[in-house]
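Asks: Pasting in a structure now, in structure tokens, and then I'll have a few things to ask.
In our numbering, the protein residues as written are 1 to 520.
Here's what the structure looks like:
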């Protein structure tokens, strides 16, 4: 059986399971527990069946599975790391425009490329020593960050371009989101501006972005891009110049008007820059520098890596009942980090159901069909889950059940939740977290729901681990295996569990290696 045939069989198998569930629902009154068990058991059986087929037909994992798993883990770490946003913000506010020694880009070559760029954009992309300084500084000192941004842009830029084109705005405006947020939908500035396009609360409201206890549409990629396009279009109407429109977007129209007055009536950005706020003075140079680097990325050795998702590979479902991303993850088998990435506007990882509001869940396309086909059973399970959660708050729990966890480098909420058998939404609720952002050294309260391998690290910087206990099985590593793919074979087991139980520090595995796994 070839790979395409196997994929078709898998899809057909899932469809038939869903069809059986649908037929059962038509002939038998819905019972909450039955629906939950049928749905979950059906999905588990489908996975087991697929695994059995793979074994019996000697279908091996694709050669790049291990690489893909490593990429997944690094991707998730990057999604919840605000360092990129912080460094972008710092670089804009602290630009010095000093001469930078970077012989890889001769001045004559830069002048020729800027002239070419100027011819195909409505921005004033003229050479000047200050712009050369910023471009060379970024190429010399920020290569790693720029490569990450180029990879992330593969997901965001297509949706930006669509909205910008709909509003007849230059497509190069997409590079503004790099300067504003480093392509972080949950980025938040020191003054409260939020999202990919950094809207303040009041401006977001004016342009139709809803902000409530559950939802912050400033973090919604599509809605915030539409709002940014409308706002930028209005600013261009006012100033009649895209450079000044961008300056006004950053500092407000009033500051641009004052800078024009103080400069004696000049309107060219470079002539009024010294009268703009410090952050805005570096804003347009940073924008133009990023535009140049992205437009000539290949010439400077950057790679266009396919992102984890493409927008066209996802679809939305309008929710019919309050549901959490944890529940969706549990029922569809989609990692909660992927769901958080696709649904960044839900502040508590909870999608509310409110009359006359159109809240949607964005899912990978290969999951949408399963979700829609089993909607009744899914919502029955969700209702039962919420009913079960009507219980005392954590402050009434036995204090002996509580641990204090200290956040380490590379940690994110999904990883910590899996280590302790809890939900991301639980961690947020217990610790009063409004976003996914964590800081190294931050202390978290956790009420573990199952035995855990990682002991509390609150008392010492040195990490200690509990020995593996209980019912133990041995897993033999096969070609194409990775820590992540192995962890998926054992419910409740994380990559970190496997590493700690087996004394593994890195991620490399060799076929034939024996791994101890705790079934408990």
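Even for Gly, the Cβ is constructed at its ideal location relative to N, Cα and C.
Out of 221, 166, 517, which has the shortest C-alpha to C-alpha gap to residue 529?
Replies: The displayed coordinates of the chain run from 1 to 520. Any statement about residue 529 would go beyond what the structure contains.
Asks: Among 180, 266, 263, 213, which residue has its Cα nearest to the Cα of residue 228?
Replies: Stepping through the chain shown from its first residue, residue 228 is reached at position 228. Nearest option by C-alpha distance: 180.
Asks: I'd like to confirm the pairing. Which residues does DSSP put opposite residue 490 in its beta bridges?
Replies: Along the chain shown, read from residue 1 onward, the residue named residue 490 stands at position 490. Per DSSP, none; premise fails for residue 490.
Asks: Inspect the beta-carbon positions of residue 494 and residue 485 and report whether they are closer than 8 Å.
Replies: The residue you call residue 494 lines up with position 494 of the chain shown. The residue you call residue 485 lines up with position 485 of the chain shown. No; because the gap between Cβ atoms is not below 8 Å, this pair is not in contact.
Asks: In this structure, does DSSP put residue 364 in helix, strand or coil?
Replies: Mapped onto the chain shown, residue 364 falls at position 364. Looking at residue 364 - three-state DSSP - the assignment turns out to be strand.
Asks: So, helix, strand or coil for residue 283, using DSSP?
Replies: In the chain shown, residue 283 corresponds to position 283, counting from 1. It is helical.
Asks: Thinking C-beta only, is residue 329 closer than 8 Å to residue 342?
Replies: Working through the chain shown from its first residue, we reach residue 342 at position 342. Working through the chain shown from its first residue, we reach residue 329 at position 329. No, the Cβ-Cβ distance between residue 342 and residue 329 is not below 8 Å.
Asks: Do residue 473 and residue 514 count as a contact pair if the criterion is CB distance below 8 Å?
Replies: What you label residue 514 is simply residue 514 of the chain shown in a count that begins at 1. What you label residue 473 is simply residue 473 of the chain shown in a count that begins at 1. No, the Cβ-Cβ distance between residue 514 and residue 473 is not below 8 Å.
Asks: Closest to residue 405 by C-alpha separation, out of 369, 374, 440, would be which residue?
Replies: Working through the chain shown from its first residue, we reach residue 405 at position 405. Cα-wise, what sits closest to residue 405 is 440.
Asks: Going straight from the alpha carbon of residue 100 to that of residue 410, what length do you get?
Replies: As a first step, residue 100 is located in the chain shown; it is residue number 100 there, counting from the start. As a first step, residue 410 is located in the chain shown; it is residue number 410 there, counting from the start. Cα to Cα, residue 100 sits roughly 33 Å from residue 410.
Asks: Within the chosen definition, does the region 193-200 reach the region 135-146 through at least 3 CB pairs nearer than 8 Å?
Replies: With the cut-off at 8 Å, the region 193-200 and the region 135-146 do not touch.
Asks: Considering Cα atoms alone, identify which of 352, 296, 244, 313 is closest to residue 116.
Replies: As a working mapping, residue 116 is identified with position 116 in the chain shown. Nearest C-alpha to residue 116: 296.
Asks: Pairing CB atoms from the region 198-208 with CB atoms from the region 309-319, are three or more of them under 8 Å?
Replies: Touching, no, given that fewer than three Cβ pairs across the two stretches are closer than 8 Å.
Asks: I need the DSSP call for residue 267, collapsed to helix, strand or coil.
Replies: Numbered from 1 along the chain shown, position 267 holds the residue referred to as residue 267. If DSSP states are grouped into helix, strand and coil, residue 267 belongs with coil.
Asks: Grab the span of the alpha helix (DSSP H) containing residue 120 for me, first residue to last.
Replies: For the purposes of this step, residue 120 is taken as residue 120 along the chain shown, with counting starting at 1. Note, residue 120: premise wrong, no alpha helix (DSSP H); not H, not E.
Asks: Rounded to a whole number of angstroms, what is the C-alpha to C-alpha distance between residue 182 and residue 225?
Replies: Taking the first residue of the chain shown as position 1, residue 182 is located at position 182. Taking the first residue of the chain shown as position 1, residue 225 is located at position 225. Those two C-alpha atoms are separated by around 14 Å.
Asks: Which of the three DSSP states, helix, strand or coil, is assigned to residue 433?
Replies: If you number the chain shown from 1, residue 433 lands on position 433. Reduced to three states, the DSSP call for residue 433 is coil.
Asks: Kindly give me the distance between the Cβ atoms of residue 105 and residue 139, rounded to whole angstroms, as I take these residues to be in contact under 8 Å.
Replies: As a first step, residue 105 is located in the chain shown; it is residue number 105 there, counting from the start. As a first step, residue 139 is located in the chain shown; it is residue number 139 there, counting from the start. Between residue 139 and residue 105 the Cβ distance is about 7 Å, and since that is below 8 Å, they are a contact.
Asks: Consult DSSP for residue 61 and reduce its assignment to one of helix, strand or coil.
Replies: Residue 61 sits at position 61 when you count from the first residue of the chain shown. Confidence is the limiting factor: at residue 61 the pLDDT is only 34, short of 50, which leaves the residue's position unreliable, though a coordinate-based value still follows. Note: residue 61 maps to coil in three-state DSSP.
Asks: Indicate whether residue 230 and residue 249 have their beta-carbon atoms separated by less than 8 Å.
Replies: As a working mapping, residue 230 is identified with position 230 in the chain shown. As a working mapping, residue 249 is identified with position 249 in the chain shown. No, they are not a contact pair.
Asks: Please list the terminal residues of the continuous beta strand (DSSP E) segment that includes residue 315.
Replies: On the chain shown, residue 315 is found 315 positions in, with the first residue counted as 1. Where residue 315 is concerned, the enclosing beta strand (DSSP E) stretches over 314-318.
Asks: With DSSP run on the structure shown, which of helix, strand or coil describes residue 224?
Replies: Mapped onto the chain shown, residue 224 falls at position 224. Of the three classes helix, strand and coil, the one that applies to residue 224 here is helix, per DSSP.
Asks: Given a cut-off of 8 Å on the beta-carbon distance, is the pair residue 345 and residue 219 in contact?
Replies: Sequence index remark: in the chain shown, residue 345 carries index 345 (1-based). Sequence index remark: in the chain shown, residue 219 carries index 219 (1-based). Contact: yes.
Asks: Report yes if the CB atom of residue 154 is closer than 8 Å to the CB atom of residue 303, and no otherwise.
Replies: To locate residue 154, count along the chain shown from 1; it is residue 154. To locate residue 303, count along the chain shown from 1; it is residue 303. In this structure, residue 303 does not lie closer than 8 Å to residue 154 by Cβ.
Asks: Where do the N-terminal and C-terminal ends of the alpha helix (DSSP H) with residue 416 fall, by residue?
Replies: What you label residue 416 is simply residue 416 of the chain shown in a count that begins at 1. First-last of the alpha helix (DSSP H) with residue 416: 413-420.
Asks: Taking contact to mean 3 or more Cβ pairs, one atom from each stretch, closer than 8 Å, check whether the region 357-369 and the region 407-422 are in contact.
Replies: Touching, no, given that fewer than three Cβ pairs across the two stretches are closer than 8 Å.
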